[in-house]
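Numbering (my numbering), first residue to last: 85 to 212.
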Amino acid sequence: MWSTARLADGAGRDTDVEVNGYSLSCAVPDDDAEPTGATPFGLLAASLSSCTVMSVRTFLHRWRVEPGEVTVRVSVRGGSSPMLERRVTVVGAVEPDLREQLSVEIDNTPVTRLLRDAVPIRTVLVTG
């Protein structure tokens, strides 16, 4: 796994990013404007949401639970101390005991473990 970012000479704020050969543009947002594309914090949120959604589905399949659609939305709350808010939605029904184990799994995904000491992560789990 690898990533490379290139910023052209000058005053530009758009960065060309390559992740394992996949190219995208990333903008460093101006403090006054709402970003219109991927940002560094947005890519961080994408890492957390994609890792979480795959971990949730894998966990439920291991327990022979059909999860239906699984959605993970991660929002970055700024300010002087940033925080990540993660909402995990599983369409399928999950029994209370397994739901508790799923919560533990969510709190121990690889990207969660990397980030949690640096930035608070608040998680809400919703199941069908």
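Don't be surprised by glycine CBs; every beta carbon is placed ideally from N, CA and C.
Residue burial classification, residue i (beta-carbon count within 10 angstroms, cutoff 16)
i: THR196; result: buried
i: SER164; result: exposed
i: SER133; result: buried
i: VAL156; result: buried
i: VAL137; result: buried
Beta carbon of residue i nearer than 9 Å to that of residue j
i: THR142; j: ALA177; result: no
i: VAL174; j: GLY152; result: yes
i: THR207; j: ARG170; result: yes
Reference residue i; option with closest CA among the options
i: ALA54; options: TYR106, GLY105, VAL112; result: Absent from the model: residue 54. The displayed extent of the chain is 85 to 212, so no value can be given.
i: SER131; options: LEU168, ASP114, GLU150; result: LEU168
i: SER87; options: ARG200, GLU189, LEU127, SER139; result: LEU127
i: MET85; options: LEU91, ASP93, ASP100, TYR106; result: TYR106
For residue i, the residue or residues it bridges with in DSSP
i: ILE205; result: LEU168
i: THR211; result: VAL174
Discussion item. Give the list of continuous beta strand (DSSP E) stretches no shorter than 3 residues that lie fully inside the region 86–166.
Written reply: Taking 3 residues as the shortest admissible run, the region 86–166 contains the following complete beta strand (DSSP E) segments, listed from N- to C-terminal end: 87–90, 98–103, 106–111, 154–161.
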